[in-house]
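Colleague: Residue numbers (the working numbering): 3 to 210. Backbone N, C-alpha and C define an ideal beta-carbon position, used for all residues, glycine too. None of the values given here were measured: they were computed from a predicted structure. Quick one: structure below, then a few questions.
Okay, here's the thing in structure tokens:
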């Protein structure tokens, strides 16, 4: 069976970028063993800047898929780039279309990166999760790996080595963790547990 076009380039490009990130930003990655090596999995990260998707992509041992605003695909050069990086277009928010596309990715055994807060943090503090992350995990029946990200909000400080660029993959939540509660309650609980584990990894107190 032939490989999909561009997959070798994807993997090679990420390896090169990872080495550059270590050289320039003191890039630090921990917990890669917490990402299941195969099967559908949801990676759920806090959101600090536009650099977050490629930073988590460089750190991840799995090839990731992403959601991206539909408007970005209207720019031809940018469309080709983000398509190569496995982004797929959605309208803003966790609408029906977005959920169906994301569920399809997970059910095909792929790894999907989402940002439970739904938007970038303005002050660096963790915000409350939207129900989408729990909905995807519960309906797809896949593990959820919380991802604690720091340093992307101020990359210049990392470049000057005043701060490190860090990605930590945290012990996953498993479908067994929500099997005995209602679907609606599971949507809420999964999101909250993800944010609590991210807060713990960052040494913060989560009050969302």
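So, is residue 193 buried or exposed, given that buried needs 16 or more other C-beta atoms within 10 angstroms?
Modeller: In the chain shown, residue 193 corresponds to position 191, counting from 1. Buried is the call here.
Colleague: With distances taken between CB atoms, is the gap from residue 189 to residue 136 smaller than 7 Å?
Modeller: As a first step, residue 189 must be located in the chain shown, where it is residue number 187. As a first step, residue 136 must be located in the chain shown, where it is residue number 134. Contact flag set, yes.
Colleague: Excluding the five sequence neighbours on either side, which residues of its own chain have a C-beta within less than 6 Å of the C-beta of residue 143, listed in chain order?
Modeller: Stepping through the chain shown from its first residue, residue 143 is reached at position 141. Around residue 143: 177.
Colleague: Could you check if residue 64 is buried or exposed, using at least 16 other CB atoms within 10 Å of its CB as the buried criterion?
Modeller: Along the chain shown, one-based indexing puts residue 64 at 62. By the neighbour-count rule (16 or more Cβ atoms within 10 Å), residue 64 is buried.
Colleague: So, using beta-carbon positions, are residue 48 and residue 138 closer together than 7 Å?
Modeller: Residue numbering aside, residue 48 sits at position 46 when the chain shown is read from its first letter. Residue numbering aside, residue 138 sits at position 136 when the chain shown is read from its first letter. Contact flag unset, no.
Colleague: Using the DSSP secondary-structure output, state which residues sit across from residue 61 in a beta bridge.
Modeller: Mapped onto the chain shown, residue 61 falls at position 59. DSSP output for residue 61 lists no bridge partner at all.
Colleague: Provide the residue span of the alpha helix (DSSP H) that contains residue 142, from first to last.
Modeller: Position 140 of the chain shown, counted from the start, is the residue given in the question as residue 142. 134 to 142 is the extent of the alpha helix (DSSP H) around residue 142.
Colleague: Residue 128: buried (16+ other C-beta within 10 angstroms of its C-beta) or exposed?
Modeller: Within the chain shown, residue 128 is the residue found at index 126, counting from 1. Residue 128 comes out buried.
Colleague: Which term fits residue 119, buried or exposed, when burial requires 16 or more other beta carbons within 10 angstroms of its beta carbon?
Modeller: Position 117 of the chain shown holds residue 119. It counts as buried.
Colleague: Give, in chain order, every unbroken run of the alpha helix (DSSP H) that is at least 4 residues long and sits entirely within the region 91 to 119.
Modeller: Counting only runs of 4 or more, we get 98 to 109.
Colleague: Can you tell me which residues form a DSSP beta bridge with residue 30?
Modeller: Your numbering for residue 30 matches position 28 in the chain shown. Bridge partners of residue 30: 168.
Colleague: On a CA-only basis, which of 40, 86, 132 and 174 is nearest residue 109? Give me that one, please.
Modeller: The residue given as residue 109 occupies position 107 in the chain shown. Closest option to residue 109, Cα to Cα, is 40.
Colleague: In whole angstroms, what separates the C-alpha of residue 148 from that of residue 92?
Modeller: The residue given as residue 148 occupies position 146 in the chain shown. The residue given as residue 92 occupies position 90 in the chain shown. In a straight line, the C-alpha of residue 148 is about 22 Å away from that of residue 92.
Colleague: Do you know how far the Cα of residue 146 is from the Cα of residue 45?
Modeller: Taking the chain shown and counting its residues from 1, the one referred to as residue 45 is at position 43. Taking the chain shown and counting its residues from 1, the one referred to as residue 146 is at position 144. Distance between the alpha carbons of residue 45 and residue 146: 6 Å.
Colleague: So what does residue 203 bridge to, in DSSP terms?
Modeller: Stepping through the chain shown from its first residue, residue 203 is reached at position 201. None, per the DSSP bridge assignment.
Colleague: Compute the Euclidean distance between the alpha carbons of residue 203 and residue 84, then round it to the nearest angstrom.
Modeller: Here residue 203 refers to the residue found at position 201 of the chain shown. Here residue 84 refers to the residue found at position 82 of the chain shown. Straight-line Cα distance between these residues: approximately 29 Å.
Colleague: From residue 175 to residue 70, what distance separates their C-alpha atoms?
Modeller: Translated into the one-based positions of the chain shown, residue 175 becomes position 173. Translated into the one-based positions of the chain shown, residue 70 becomes position 68. Between residue 175 and residue 70, the C-alpha separation is close to 25 Å.
Colleague: Can you check whether the CB of residue 54 is closer than 7 Å to the CB of residue 207?
Modeller: As a working mapping, residue 207 is identified with position 205 in the chain shown. As a working mapping, residue 54 is identified with position 52 in the chain shown. Not closer than 7 Å, so no.
Colleague: When DSSP labels each residue in this structure, what does residue 52 get in the three-state scheme?
Modeller: Taking the chain shown and counting its residues from 1, the one referred to as residue 52 is at position 50. Here residue 52 sits in coil by DSSP.
Colleague: What residue does the beta strand (DSSP E) around residue 148 start on, and which one ends it?
Modeller: Taking the chain shown and counting its residues from 1, one reaches residue 148 at position 146. First-last of the beta strand (DSSP E) with residue 148: 146 to 152.
Colleague: Helix, strand or coil, according to DSSP, for residue 181 in the structure here?
Modeller: Locating residue 181 in the chain shown gives position 179, where the first residue counts as 1. Coil, per DSSP.
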